[in-house]
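S.K.:
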Amino acid sequence: MAVITLTKDNFQAEVLSSNVPVLVDFWASWCGPCRMVSPIVDEVAEESDGSYKVGKVNVDEQPELAAQYGVMSIPTLLVIENGKTKTSSVGARPKDAILAMLR
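Just so we're aligned, residue 1 is where the sequence shown starts under the UniProt record's numbering, counting upward by one.
Shown next as C-alpha coordinates:
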(Lines of atoms letter the chains of each structure in order from A; the text may use other names.)
(Lines give C-alpha, C1' and ligand atoms only; values in the text may rest on other atoms or scores of the structure.)
Protein backbone atom coordinates (compact mmCIF):
# COMPACT_ATOMS: atom_id res chain seq x y z
CA MET A 1 0.00 0.00 0.00
CA ALA A 2 1.35 3.41 -0.89
CA VAL A 3 1.91 6.26 1.55
CA ILE A 4 -0.93 8.79 1.53
CA THR A 5 -0.01 12.48 1.42
CA LEU A 6 -2.20 13.97 4.13
CA THR A 7 -3.56 17.51 4.05
CA LYS A 8 -6.20 19.37 6.01
CA ASP A 9 -8.55 18.61 3.09
CA ASN A 10 -8.27 14.80 3.22
CA PHE A 11 -7.30 14.21 6.88
CA GLN A 12 -10.88 13.63 8.05
CA ALA A 13 -11.62 11.04 5.36
CA GLU A 14 -8.24 9.28 5.30
CA VAL A 15 -7.41 9.28 9.03
CA LEU A 16 -10.24 10.21 11.38
CA SER A 17 -12.90 8.23 9.49
CA SER A 18 -10.61 5.29 8.69
CA ASN A 19 -11.82 1.84 9.71
CA VAL A 20 -8.19 0.74 10.28
CA PRO A 21 -5.39 2.35 12.34
CA VAL A 22 -3.36 5.01 10.54
CA LEU A 23 0.34 5.68 11.11
CA VAL A 24 0.83 9.42 10.59
CA ASP A 25 4.35 10.77 10.03
CA PHE A 26 4.76 14.52 10.67
CA TRP A 27 7.90 15.58 8.78
CA ALA A 28 9.69 18.33 6.84
CA SER A 29 12.15 18.19 3.95
CA TRP A 30 14.86 20.10 5.88
CA CYS A 31 14.76 17.71 8.87
CA GLY A 32 17.68 15.25 9.00
CA PRO A 33 16.03 12.67 11.29
CA CYS A 34 12.89 12.89 9.10
CA ARG A 35 14.98 11.89 6.08
CA MET A 36 16.27 8.90 8.09
CA VAL A 37 12.77 7.76 9.08
CA SER A 38 11.07 8.41 5.73
CA PRO A 39 12.31 5.28 3.89
CA ILE A 40 11.37 3.15 6.90
CA VAL A 41 7.86 4.62 6.94
CA ASP A 42 7.62 3.98 3.17
CA GLU A 43 8.67 0.36 3.75
CA VAL A 44 6.07 -0.08 6.52
CA ALA A 45 3.43 1.27 4.11
CA GLU A 46 4.47 -1.08 1.30
CA GLU A 47 4.27 -4.06 3.67
CA SER A 48 0.75 -3.21 4.85
CA ASP A 49 -1.72 -6.02 4.29
CA GLY A 50 -4.63 -3.61 4.64
CA SER A 51 -4.79 -3.88 8.44
CA TYR A 52 -3.41 -0.32 8.71
CA LYS A 53 -2.71 2.73 6.53
CA VAL A 54 0.28 5.07 6.45
CA GLY A 55 0.20 8.80 5.76
CA LYS A 56 2.63 11.71 5.87
CA VAL A 57 2.01 15.32 6.86
CA ASN A 58 4.51 17.92 5.69
CA VAL A 59 4.48 20.36 8.63
CA ASP A 60 5.63 23.27 6.45
CA GLU A 61 2.67 22.80 4.11
CA GLN A 62 0.13 21.78 6.78
CA PRO A 63 0.89 23.85 9.91
CA GLU A 64 -2.75 23.63 11.05
CA LEU A 65 -2.56 19.83 11.36
CA ALA A 66 0.77 20.01 13.19
CA ALA A 67 -0.70 22.53 15.63
CA GLN A 68 -3.90 20.51 16.07
CA TYR A 69 -1.86 17.48 17.18
CA GLY A 70 0.61 19.48 19.27
CA VAL A 71 3.61 18.57 17.13
CA MET A 72 6.57 20.48 18.55
CA SER A 73 9.43 18.33 17.24
CA ILE A 74 9.77 16.26 14.12
CA PRO A 75 9.67 13.55 13.11
CA THR A 76 6.58 12.81 15.17
CA LEU A 77 4.79 9.53 14.53
CA LEU A 78 1.21 9.01 15.67
CA VAL A 79 -1.05 6.00 15.39
CA ILE A 80 -4.62 7.22 15.13
CA GLU A 81 -7.38 4.68 15.59
CA ASN A 82 -11.12 5.40 15.66
CA GLY A 83 -10.33 9.11 15.41
CA LYS A 84 -8.14 9.15 18.54
CA THR A 85 -4.38 9.08 19.05
CA LYS A 86 -3.52 5.59 20.29
CA THR A 87 0.26 6.00 20.55
CA SER A 88 2.97 8.47 19.58
CA SER A 89 6.72 8.85 19.37
CA VAL A 90 9.10 11.72 18.65
CA GLY A 91 12.43 11.33 16.88
CA ALA A 92 13.94 8.70 14.62
CA ARG A 93 12.91 5.14 15.40
CA PRO A 94 13.98 1.78 13.98
CA LYS A 95 11.52 -0.20 11.88
CA ASP A 96 10.67 -2.69 14.63
CA ALA A 97 9.73 0.14 17.00
CA ILE A 98 7.49 1.72 14.35
CA LEU A 99 5.81 -1.63 13.64
CA ALA A 100 5.31 -2.17 17.39
CA MET A 101 3.30 1.07 17.50
CA LEU A 102 0.80 -0.52 15.10
CA ARG A 103 0.25 -3.66 17.20
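All residues carry an ideal CB built from backbone N, CA and C; glycine is no exception.
Using a Cβ-Cβ cut-off of 6 Å (strictly less than) and excluding sequence neighbours within five positions of S88, which residues of its own chain qualify?
M.R.: In the sequence shown, counting from the first residue as 1, residue 88 sits at position 88. For S88, where only same-chain residues beyond five positions count, the Cβ hits under 6 Å are L78.
S.K.: Helix, strand or coil for D42, going by three-state DSSP, please let me know.
M.R.: Indexing the sequence shown from 1 puts residue 42 at position 42. If DSSP states are grouped into helix, strand and coil, D42 belongs with the helices.
S.K.: Output yes or no for whether 9 Å exceeds the beta carbon distance between V44 and L6.
M.R.: Taking the sequence shown and counting its residues from 1, one reaches residue 44 at position 44. Taking the sequence shown and counting its residues from 1, one reaches residue 6 at position 6. It is not a contact, given that the beta carbons lie outside the stated cut-off.
S.K.: If I follow the unbroken alpha helix (DSSP H) through K95, where does it start and stop?
M.R.: To locate residue 95, count along the sequence shown from 1; it is residue 95. Counting along the chain, the alpha helix (DSSP H) containing K95 begins and ends at 95-101.
S.K.: Could you pull the start and end residues of the alpha helix (DSSP H) that E64 belongs to?
M.R.: Mapped onto the sequence shown, residue 64 falls at position 64. Unbroken alpha helix (DSSP H) run through E64: 63-68.
S.K.: For G83, which of N10, V3, V15 has the nearest alpha-carbon?
M.R.: In the sequence shown, residue 83 corresponds to position 83, counting from 1. Measuring from the Cα of G83, the nearest candidate turns out to be V15.
S.K.: With a cut-off of 8 Å on the beta carbons, I'd call F26 and V59 a contact; round off their distance for me.
M.R.: The count along the sequence shown starts at 1 and reaches residue 26 at position 26. The count along the sequence shown starts at 1 and reaches residue 59 at position 59. Indeed, because the Cβ distance is near 5 Å, the residues count as touching under 8 Å.
S.K.: Could you tell me which of A97, K53, L99, C31 sits nearest to V22, measuring between CA atoms?
M.R.: Sequence index remark: in the sequence shown, residue 22 carries index 22 (1-based). Nearest option by C-alpha distance: K53.
S.K.: Could you pull the DSSP bridge partners for F26 from this structure?
M.R.: Locating residue 26 in the sequence shown gives position 26, where the first residue counts as 1. BP columns for F26 point to V57, T76.
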